[in-house]
Amino acid sequence: MPVQKFNQHWIASFTNATDINPVIIADYLSIRDDTAIKKTHLFDGRYENIYVPLDRIPTLKPVLLQVKHYAAEILNINIEQLKIGFWFNEMQPGHTTTLHRHDDDDELLSCAYYLQVPKQSGQLILEDGKNQQKITPIEGNAIFFSPSLPHAVSENRSDKMRLSIGINIGPNRGQI
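As structure tokens, then:
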């Protein structure tokens, strides 16, 4: 499916998400409590960013490669000119993600890929100063937006974990 352009964002759907997402989730759950896993951004009692090395979760590689292809299409540049950084965002019931941006370094595009999205588990909120756009995520969708766009996630009001992958896409300066 091609990337769909909206006002402040783009959405791309992954046709194989029903097959690959459960495997990625199982792999993540099997290692998330490893003390070697880096966790940052502690707000309201939870870490918003959980950094799992790609070699610990190789089932994620096809998703990241497809995200890179979609980003190249959106940015209208060659895929080899891009690099990707990623982290997991685990939201248990009652959790939120605070308002923030991703334009700290050289990011060109930000993305959230949705692995598990129970009903009532929160909306992605994009704020451009003039208005606020609320997007209800769908498992297997990737939502792309400008790294300078402030965004948050509303409360997970379900009784299950919501799991997504935050992704920043930047210029490749020789990194692999």
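Numbered continuously in numbering that gives the first Met the number 0, the sequence shown closes out at residue 175.
Built from N, CA and C at the ideal position, the CB exists for glycine as well.
In this text the structure is predicted, and so the values were computed from the model without any measurement.
Check: In angstroms with no decimal places, state the Cα-to-Cα distance between residue 103 and residue 31.; Outcome: 26 Å
Check: If you reduce the DSSP assignment to three classes, tell me which class residue 170 lands in.; Outcome: strand
Check: With a cut-off of 8 Å, does the C-beta of residue 44 fall near any C-beta of chain B?; Outcome: Absent here is chain B; the protein component of the structure consists of one chain.
Check: Quick check on residue 50: buried or exposed, where buried means 16 or more other Cβ atoms within 10 Å of its Cβ?; Outcome: exposed
Check: Buried or exposed for residue 4, please, with buried defined as at least 16 other CB atoms from any protein chain shown within 10 angstroms of its CB.; Outcome: exposed
Check: Within the chosen definition, does the segment 146 to 165 reach the segment 116 to 132 through at least 3 CB pairs nearer than 8 Å?; Outcome: yes
Check: Let me check understanding here. Comparing Cα to Cα, which of 97, 81 and 159 lies closest to residue 166?; Outcome: 81
Check: Report the rounded CA-to-CA distance for residue 83 versus residue 74, giving the unit in angstroms.; Outcome: 14 Å
Check: Any idea which residues DSSP pairs residue 109 with across the strands?; Outcome: 144 and 167
Check: Only counting runs of 4 or more residues, tell me where the alpha helix (DSSP H) segments fall wholly within the segment 28 to 74, in order along the chain.; Outcome: 60 to 74
Check: With respect to the beta strand (DSSP E) encompassing residue 150, which residues constitute its N-terminal and C-terminal limits?; Outcome: 150 to 152
Check: Smallest Cα separation from residue 11: which of 139, 161 and 154?; Outcome: 139
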